[in-house]
Amino acid sequence: MNLLSKNQINGSKVVWSMTGIMWVLFILFKSIDMFLYISLLLTGIALANTVSQKEIKKREQYLHTVLSMVDALIDEPNYKYCDSKSDLLEQKINYLARTLNEKTTRIFQQHTQLHTLMEHLPVGIMVLNAQKKVVLSNQSLKVFLGDIFEMIYLEYFKLDMIRSSSLVQLIEKAYSTKETQKSPVYVYESTELSVDAHVIPLLNTYQQVDDVLVILYDLTEYRRLQIAQSDFVSNASHELKTPVSIIKGFVETLMDGAKDDEDAREKFLAIIYQETEKLEQLMKDILLLSKLEKKAMLMTKEVVHVQRIIHESIALVQDEAQDKHICIDTDISDESVWIIGDKHHLMQIISNILSNAVRYTKQDGYIRICVCEQNDTVQISIKDTGIGISLKDKERIFERFYRGDNAQKFNEQGTGLGLSIVKNLVDTIGAELIVDSQLGFGTKMTLVIKK
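Now the structure itself:
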């Protein structure tokens with residue numbers, strides 16, 4: 000007969016069989032008093048053990064409830080077999096802690112990535128809460144708000160501080176209508192910005208506005224290109240129309256009988272030929288500019304003798320300069336200056352600048368060409384005593400067909416594409432062109448080329 004039976008209570012306690020123990024004591028002591036004393040003692044222990052069993056059962060119920068709650072939080076339970084529920088709970092909580100830590104790390108990484116993405120977006124972003132206070136923005140917004148950007152998180156900031164009444168009205172409308180608003184607006188900072196604004200109200204479950212998302216796209220450069228393209232078509236049409244009209248007029252005159260007049264015929268044919276050349280040159284310039292802007296021009300690398308290029312360029316404009324009694328002087332070292340580049344491109348740049356200098360310099364004027372080496376660059380400057388360029392026109396002289404007010408008054412002929420071609424050629428060869436001019440006091444253009 001087994002006198003002892005073992006029970007695991009919370010994994011550590013042993014409960015002795017009451018019947019076996021009393022039998023042994025009765026045989027050993029053979030004493031009723033002692034037997035009764037021990038029996039009472041063991042009965043008390045048994046009662047205490049009964050209370051402990053109830054507590055253990057209660058604890059087990061708690062453990063079962065907690066385990067169920069933990070299981071509900073674990074997507075994919077992955078744990079080993081355990082002897083006790085306490086160990087199982089510990090293992091599950093550790094697994095849950097690791098999972099929570101991993102998810103927290105992922106959320107932090109995603110937040111960092113989202114913040115980096117938002118900061119580098121080329122659009123302005125601003126989020127306002129229900130009280131119309133800014134709660135989120137990115138650095139690109141500074142382009143649109145200027146110095147106001149530093150105040151947007153301050154308590155006293157109000158929407159009407161933004162320098163665009165149309166944008167403020169758009170935001171207010173999004174709050175009141177609870178509908179997305181889209182519209183082109185103008186924002187006034189150091190310059191006028193053309194902006195495409197999207198204002199999106201974010202509604203809660205009660206269809207109330209919690210936040211408003213404002214996205215601003217800067218379309219200033221796009222609008223400028225649209226206007227430039229429109230101007231180009233208009234100016235090109237005008238430049239093409241003029242020689243065509245002249246040619247047509249003289250051809251009609253010849254057909255009406257002037258062809259029989261030898262002197263008139265020779266004169267008209269010479270004019271027709273001259274206008275045809277202008278037309279041909281215009282078409283060549285348009286095609287060249289188109290290739291340059293599309294980066295479709297091939298560039299060759301070769302050793303170029305700078306002085307030789309300058310003398311060849313002077314020869315191209317010498318006749319026109321002599322007709323106007325313009326002196327072209329040079330300040331060039333006898334020592335040869337060499338660069339590695341495209342000879343044809345360099346020739347076009349210098350000859351175009353020289354041609355402009357001669358065209359806009361009055362009778363008996365003066366043009367000076369200097370060449371100097373500085374560090375790893377060669378600088379070629381062409382200075383004239385011409386009409387000069389105003390500060391307003393200086394920013395636009397490289398636009399296609401653009402002529403400043405003073406140039407239009409001067410009434411000189413040309414395709415209007417020369418300086419635009421020069422700027423594109425300079426960019427193509429990786430050089431720099433510095434313009435220094437004052438209205439009425441001539442112009443100096445300096446070409447800086449790497450050796």
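So in numbering that gives the first Met the number 0, spot 167 of the sequence shown is number 166, and the numbers just go up one at a time. By construction, the Cβ of each residue, glycine as well, lies at the ideal position given by its N, Cα and C atoms.
- Message: Could you compute how far the alpha carbon of Q109 sits from the alpha carbon of S193?
- Response: The residue given as residue 109 occupies position 110 in the sequence shown. The residue given as residue 193 occupies position 194 in the sequence shown. Approximately 33 Å between the Cα atoms of the pair.
- Cβ separation of E319 and V357, assumed to be a contact under 8 Å, to the nearest whole Å: For the purposes of this step, residue 319 is taken as the residue at position 320 of the sequence shown. For the purposes of this step, residue 357 is taken as the residue at position 358 of the sequence shown. About 5 Å separates the two Cβ atoms, so the contact holds.
- Query: For V23, which residues from the same chain have a beta carbon less than 6 Å from its beta carbon, with the 5 sequence-adjacent residues on both sides left out?
  - Reply: Translated into the one-based positions of the sequence shown, residue 23 becomes position 24. Because V23 carries a pLDDT of 46, less than 50, the predicted location of this residue cannot be relied on, and the following value inherits that uncertainty. Contacts found: none.
- Compute the Euclidean distance between the alpha carbons of D255 and E238, then round it to the nearest angstrom. As a working note, residue 255 is residue 256 in the sequence shown. As a working note, residue 238 is residue 239 in the sequence shown. Between D255 and E238, the C-alpha separation is close to 27 Å.
- Message: Three or more C-beta pairs under 8 Å: does that hold for the region 294 to 308 against the region 248 to 266?
- Response: no
- Between H344, D341, M346, W337, which lies nearest to Q373 when the distance is taken from Cα to Cα? To locate residue 373, count along the sequence shown from 1; it is residue 374. Cα-wise, what sits closest to Q373 is W337.
- Identify which residue in Y216, I339, L353 has its Cα closest to the Cα of P183. Sequence index remark: in the sequence shown, residue 183 carries index 184 (1-based). It is Y216 whose Cα lies nearest to the Cα of P183.
- For T98 and L40, the rounded distance between their alpha carbons: Your numbering for residue 40 matches position 41 in the sequence shown. Your numbering for residue 98 matches position 99 in the sequence shown. Note that L40 scores a pLDDT of 49, beneath 50, so its modelled location is shaky; the value from the coordinates is reported in the next line. Their backbone Cα atoms lie some 51 Å apart in a straight line.
- Message: If contacts are defined as beta-carbon pairs under 8 Å, then S354 and G417 qualify, I think. What distance do you get, rounded to the angstrom?
- Response: Locating residue 354 in the sequence shown gives position 355, counting from the first residue. Locating residue 417 in the sequence shown gives position 418, counting from the first residue. With 8 Å as the limit, S354 and G417 qualify as a contact, their Cβ atoms being about 6 Å apart.
- In whole angstroms, what separates the C-alpha of D209 from that of K157? In the sequence shown, counting from the first residue as 1, residue 209 sits at position 210. In the sequence shown, counting from the first residue as 1, residue 157 sits at position 158. Approximately 18 Å between the Cα atoms of the pair.
- Item | Enclosing beta strand (DSSP E) for E301 [first to last residue] | Taking the first residue of the sequence shown as 1, we reach residue 301 at position 302. Counting along the chain, the beta strand (DSSP E) containing E301 begins and ends at 301 to 304.
- Opening and closing residue of the alpha helix (DSSP H) in which N234 lies: Here residue 234 is taken as the residue at index 235 of the sequence shown, counted from 1. That run of the alpha helix (DSSP H) goes 219 to 254.
- How long is the line joining the alpha carbons of S229 and S236, rounded to whole angstroms? For the purposes of this step, residue 229 is taken as the residue at position 230 of the sequence shown. For the purposes of this step, residue 236 is taken as the residue at position 237 of the sequence shown. Taking the straight line from one Cα to the other gives about 11 Å.
- Message: Am I right that V370 and I379 are in contact with their C-beta atoms under 8 Å? What's the rounded C-beta distance?
- Response: Working through the sequence shown from its first residue, we reach residue 370 at position 371. Working through the sequence shown from its first residue, we reach residue 379 at position 380. Contact flag correct, Cβ pair sits at about 5 Å.
- Is it buried or exposed for P242, if we count other Cβ within 10 angstroms and need 16 for buried? Taking the first residue of the sequence shown as 1, we reach residue 242 at position 243. The residue is buried, with at least 16 neighbouring Cβ atoms inside 10 Å.
- Quick one: give me the first and last residue of the alpha helix (DSSP H) that M444 is part of. One-based indexing of the sequence shown puts residue 444 at position 445. Run containing M444: none in the alpha helix (DSSP H); it sits in the beta strand (DSSP E), 442 to 449.
- Take D284 as the anchor and find which of S335, K443, N423, I245 has the nearest alpha-carbon. Within the sequence shown, numbered from 1, the residue matching residue 284 stands at position 285. With distances taken between Cα atoms, D284 lies closest to N423.
- Can you check DSSP and say which residues form a bridge with S354? Along the sequence shown, read from residue 1 onward, the residue named residue 354 stands at position 355. For S354, which the question treats as bridged, DSSP gives no partner whatsoever.
- Range covered by the alpha helix (DSSP H) that runs through S165: To locate residue 165, count along the sequence shown from 1; it is residue 166. Where S165 is concerned, the enclosing alpha helix (DSSP H) stretches over 164 to 176.
- Just the C-alpha distance for M444 and K132, rounded to the nearest angstrom, thanks. Counting from 1 along the sequence shown, the entry for residue 444 is found at position 445. Counting from 1 along the sequence shown, the entry for residue 132 is found at position 133. The alpha-carbon atoms of M444 and K132 are separated by roughly 51 Å.
- Comparing alpha-carbon positions, which option in Q206, Q138, L253, Y205 lies nearest E118? Locating residue 118 in the sequence shown gives position 119, where the first residue counts as 1. Among Q206, Q138, L253, Y205, the Cα nearest to that of E118 is on Q138.
- Task: Measure the alpha-carbon distance for L144 versus Q112 and round it to whole angstroms.
- Result: What you label residue 144 is simply residue 145 of the sequence shown in a count that begins at 1. What you label residue 112 is simply residue 113 of the sequence shown in a count that begins at 1. Near 25 Å, if we compare the C-alpha coordinates of Q112 and L144.
- Does the Cβ of Q180 have 16 or more other Cβ atoms within 10 Å, making it buried, or fewer, making it exposed? In the sequence shown, residue 180 corresponds to position 181, counting from 1. Result: buried.
- Identify the continuous alpha helix (DSSP H) that holds S419 and give its terminal residues. As a position in the sequence shown, residue 419 is number 420, starting the count at 1. First-last of the alpha helix (DSSP H) with S419: 417 to 427.
- Message: Taking the beta strand (DSSP E) that M125 belongs to, which residues open and close that run?
- Response: As a first step, residue 125 must be located in the sequence shown, where it is residue number 126. Where M125 is concerned, the enclosing beta strand (DSSP E) stretches over 123 to 128.
- Note down the Cα distance separating G340 from T299, rounded to an integer number of angstroms. Position 341 of the sequence shown, counting from 1, holds the residue named residue 340. Position 300 of the sequence shown, counting from 1, holds the residue named residue 299. Approximately 7 Å, taken between the alpha carbons.
- Task: Buried or exposed for F400, please, with buried defined as at least 16 other CB atoms from any protein chain shown within 10 angstroms of its CB.
- Result: Translated into the one-based positions of the sequence shown, residue 400 becomes position 401. The residue is buried, with at least 16 neighbouring Cβ atoms inside 10 Å.
- Inspect the beta-carbon positions of V211 and V126 and report whether they are closer than 9 Å. As a first step, residue 211 must be located in the sequence shown, where it is residue number 212. As a first step, residue 126 must be located in the sequence shown, where it is residue number 127. Going by C-beta atoms, V211 is nearer than 9 Å to V126.
- Message: Looking at I313: is its Cβ nearer than 9 Å to the Cβ of I325?
- Response: As a first step, residue 313 is located in the sequence shown; it is residue number 314 there, counting from the start. As a first step, residue 325 is located in the sequence shown; it is residue number 326 there, counting from the start. Cβ distance not < 9 Å, so I313 and I325 don't count as in contact.
- Message: Can you tell me whether E311 is helix, strand or coil according to DSSP?
- Response: Residue numbering aside, residue 311 sits at position 312 when the sequence shown is read from its first letter. Looking at E311 - three-state DSSP - the assignment turns out to be helix.
- Where K382 sits in the DSSP three-state scheme: By 1-based counting over the sequence shown, the position of residue 382 is 383. Of the three classes helix, strand and coil, the one that applies to K382 here is strand, per DSSP.
- Through-space distance from A269 to V250, alpha-carbon basis: Looking up residue 250 in the sequence shown gives position 251. Looking up residue 269 in the sequence shown gives position 270. Cα to Cα, V250 sits roughly 12 Å from A269.
- Reduced DSSP secondary structure (H/G/I, E/B, other) of I368: Residue mapping note: residue 368 aligns to position 369 of the sequence shown, counting from 1. Correct three-state label for I368: strand.
- Item | Outcome for I349 when other beta-carbon atoms lying within 10 angstroms are tallied against a minimum of 16 | Start at 1 with the first residue of the sequence shown, and residue 349 comes out as number 350. Buried.
- Message: Distance check for Q225 and V316, CA to CA, integer angstroms please.
- Response: Along the sequence shown, one-based indexing puts residue 316 at 317. Along the sequence shown, one-based indexing puts residue 225 at 226. Those two C-alpha atoms are separated by around 35 Å.
- Item | The alpha helix (DSSP H) enclosing L466, as first and last residue numbers | A query on residue 466 cannot be resolved here, the shown segment of the chain reaching from 0 to 450 and no further.
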